[in-house]
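Participant: Submitted below is the structure of interest, expressed as structure tokens.
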Amino acid sequence: MPIQGGGRLSGRTLGLNVGLLHIRTDGLDGVQSGNAFSVARLEKEWANRSSVGGIFVERDAVDVDGDYNRTYAVDGQLGIGDALTLSAFGARTETPGLDPANPDRVVEDEAYEVSAGWSSRSLRGSADIRQVGHDFNPEVGFLPRDGYRQYSIFGMVYYRPSEFFGVREFRPHVRYQTFRDLRTGFEETARVHVDSHVEWH
């Protein structure tokens, strides 16, 4: 779509990371109306990998009442010691007329993730849970799939032999990931990955 114009502002103020963006596009007759796109992001950082933030994203049709899409999200990260990091986000979208044929249906327009990660010189690992509702619809962006709950776990060991045919480091690792339908619990996709990297001097 042709861009009429817009503006961007980013930087730091009052101890916050700030990002603002607004773009307005032309429409195409009989295809799509013009749209105004807006993004606002605020984040507060602390020491030791810790932060909290929020974002708002909107698409608003210029000439069509009630044609818009909005995304609201908050996120946070907490570093504990040198190795452990906890993080999470929660998000919700707003799309008018999502299911006009069934106005009493419960709308599943939320998404969240909770994760924990460990990273040290000899060990790296993570575990996370992510859930995306069937109606979660961030139009200003890309969503590969919806209506699922994902469980994932990963572990890697760093082994550095003192002398072994010039090998500097072995990195054996394993990952398990499963996607399950949010309503039925049916496993749609599962993946097990077992591998090892080898690095020579």
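Numbering of the sequence shown is given in numbering that gives the first Met the number 0, commencing with residue 0 and proceeding in unit increments.
Yeah, the Cβ is synthetic: ideal placement off N, Cα and C, and Gly gets one too.
#1: For residue 86, which of helix, strand or coil comes out of DSSP?
#2: Consult DSSP for residue 183 and reduce its assignment to one of helix, strand or coil.
#3: Given that a residue counts as buried once 16 or more other Cβ atoms are within 10 Å of its Cβ, and exposed if not, what is residue 108?
#4: For residue 175, which three-state DSSP category applies?
#5: With a floor of 3 residues, list each beta strand (DSSP E) that falls wholly inside the region 9-62, ordered by position along the chain.
#6: Measure the beta-carbon distance from residue 44 to residue 16 and round it to whole angstroms, keeping in mind my assumption that it falls under 8 Å.
#7: Is residue 192 close to chain C, meaning its C-beta is less than 8 Å from at least one C-beta of that chain?
#8: Which ranges does the beta strand (DSSP E) cover as unbroken runs of at least 3 residues, wholly within the region 106-158, from first to last along the chain?
#9: Count the other C-beta atoms from every protein chain shown that fall within 10 angstroms of the C-beta of residue 105, then say buried if there are 16 or more, exposed otherwise.
#10: Verify whether the separation of the beta carbon atoms of residue 139 and residue 128 is less than 8 Å.
#11: For a quick check, are the C-beta atoms of residue 195 and residue 176 less than 8 Å apart?
#12: So, are the CB atoms of residue 214 and residue 77 less than 8 Å apart?
#13: Please determine, among 25, 27, 56, the residue with the shortest C-alpha to C-alpha distance to residue 39.
#14: Does the Cβ-Cβ distance between residue 136 and residue 94 come in under 8 Å?
#15: Starting from residue 104, follow the beta strand (DSSP E) in both directions and report where the run begins and ends.
#16: Give me, in chain order, the residues of the same chain whose beta-carbon lies closer than 7 Å to that of residue 82; leave out the 5 immediate sequence neighbours on both sides.
#17: Using only CA atoms, which one of 29, 134, 80, 121 lies nearest to residue 70?
#18: DSSP on residue 164, reduced to helix/strand/coil?
#19: Name, in chain order, the residues that DSSP records as bridge partners for residue 196.
Facilitator: Once the coordinates are examined:
#1: As a position in the sequence shown, residue 86 is number 87, starting the count at 1. Strand.
#2: Locating residue 183 in the sequence shown gives position 184, counting from the first residue. Residue 183 falls in the coil class under three-state DSSP.
#3: What you label residue 108 is simply residue 109 of the sequence shown in a count that begins at 1. With 16 or more Cβ atoms within 10 Å of its Cβ, residue 108 is classed as buried.
#4: Residue numbering aside, residue 175 sits at position 176 when the sequence shown is read from its first letter. Residue 175: strand per DSSP, three-state reduction.
#5: 15-24, 34-45, 49-60
#6: Here residue 44 is taken as the residue at index 45 of the sequence shown, counted from 1. Here residue 16 is taken as the residue at index 17 of the sequence shown, counted from 1. With a Cβ gap of about 7 Å, residue 44 and residue 16 count as contacting.
#7: No chain C appears in this structure, which consists of one protein chain only.
#8: Counting only runs of at least 3 residues, the region 106-158 fully encloses the following beta strand (DSSP E) elements, listed from N- to C-terminal order: 109-118, 122-131, 147-156.
#9: Indexing the sequence shown from 1 puts residue 105 at position 106. Counting every other CB atom within 10 Å of its CB across the protein chains shown gives residue 105 a total below 16, marking it as exposed.
#10: Against the sequence shown, residue 139 aligns to sequence position 140. Against the sequence shown, residue 128 aligns to sequence position 129. Contact: no.
#11: Sequence index remark: in the sequence shown, residue 195 carries index 196 (1-based). Sequence index remark: in the sequence shown, residue 176 carries index 177 (1-based). The answer is no: Cβ separation not under 8 Å.
#12: With the chain running from 0 to 200 in the structure shown, residue 214 is simply not present.
#13: Stepping through the sequence shown from its first residue, residue 39 is reached at position 40. Considering only alpha carbons, the answer is 56.
#14: Residue 136 sits at position 137 when you count from the first residue of the sequence shown. Residue 94 sits at position 95 when you count from the first residue of the sequence shown. Yes; because the gap between Cβ atoms is below 8 Å, this pair is in contact.
#15: In the sequence shown, the residue the question calls residue 104 occupies position 105. Taken as a continuous stretch (DSSP letters only), residue 104 belongs to no beta strand (DSSP E), as it is neither H nor E.
#16: Working through the sequence shown from its first residue, we reach residue 82 at position 83. Cβ neighbours of residue 82 beyond the five flanking positions: 117, 118, 119.
#17: For the purposes of this step, residue 70 is taken as residue 71 along the sequence shown, with counting starting at 1. Among 29, 134, 80, 121, the Cα nearest to that of residue 70 is on 134.
#18: The residue given as residue 164 occupies position 165 in the sequence shown. Residue 164: coil per DSSP, three-state reduction.
#19: For the purposes of this step, residue 196 is identified with residue 197 of the sequence shown, where counting begins at 1. In the DSSP secondary-structure assignment, residue 196 is bridged to 170.
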